[in-house]
Structures are given as C-alpha cells and as structure tokens.
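Residue numbers (the working numbering): 1404 to 1550.
Here is the structure we will look at, set down as structure tokens.
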C-alpha cells in the first residue's frame, strides 16, 4: 500500500480522524506494516503495550481471556489506549485469516501530538466525552441492578 492508501485507512478510524490529514500523513510515514497468516499472534494478554494497530486487511479475534471477544476487521484500531499510556495488554489478538496491520508506536503517536497541539486538544476532548459516557453508563447500570 502507498502512503496515500495508509492515510485513507487511518482516516477511517474515528479516533485518528480527529488528528487531521497532516498528522495522519506523519503517522503513515512513521508507522510500519506487518503481515500475518491465520493463527499468528498479534499480541498476548499481559504483554507490554507500546503501540496500537490499525487493521489494513483481514481480521483478528481479540479476546480478554474471560470470554469476551470481538472480531476486528479493516479500519479497526486495536490497542487504542496503548497509544497514550504505558500499560499491559488487557486482551490477546490472533489473526483469523491472512491479515495485515499498520503498527503505530506510542512514541511516534506522542511526537505527532506534540507537533500538532490542536490535534492533541481534539483528541483530549474526545477522550473526555467518552469517559463521561462510560461513567454515565456505569451509573445507569448500577441503578438498574439496585432496583
């Protein structure tokens, strides 16, 4: 894929779209592509998380080890929080078919945010809205459980 194709793919990711084209181009240029065959492990539960992955083609099963799983296909960002904070992987991911990803290192992501403060503010605002929505959902679930 070309840099322009990678930028177009990154624009499909809601969180990354907030950064704007110039920042996405920097991410596309600085990131690396990785290919996987069926059964290859993208990462394991508990691994140190230093990057996020955008699925280019194919699909991955993401499993939290406790029975919750999802299928991540093209345009999906796997490991979003790893872009902003050091952490252990809360799940594992395995290719379920021939697949490829764009690996976005946290260090690259942080450099892009430092170079574009307006993009960093848009991202912060999005995370704040999401956190507020999660808190509201938890409160509503708690209220339903207590009735």
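From the three backbone atoms N, C-alpha and C, an ideal C-beta is built for every residue, glycine too.
Nothing here was measured: the structure is a model prediction, and the numbers come from that model.
- With a 10 Å radius around the Cβ and a threshold of 16 neighbouring Cβ atoms, residue 1482 comes out buried.
- Here DSSP, grouped into helix, strand and coil, assigns residue 1475 to strand.
- Secondary structure in the region 1426-1512: the beta strand (DSSP E) runs of 3 residues or longer, each lying completely within the stretch, are 1435-1439, 1444-1446, 1454-1460, 1463-1466, 1472-1475, 1495-1498, 1502-1508 in chain order.
- Residue state for residue 1532 is assigned as helix, using DSSP reduced to three classes.
- Looking only at 1514, 1472, 1533, 1466, the smallest Cα-Cα distance to residue 1448 is reached by 1466.
- Excluding the 5 residues flanking it on each side, residue 1526 has same chain C-beta neighbours closer than 6 Å at 1421, in chain order.
- Collapsing the DSSP output to three states places residue 1408 in a helix.
- Boundaries of the alpha helix (DSSP H) harbouring residue 1419: 1417-1420, taken from the DSSP string.
- With fewer than 16 other Cβ atoms inside 10 Å of its own Cβ, residue 1432 counts as exposed.
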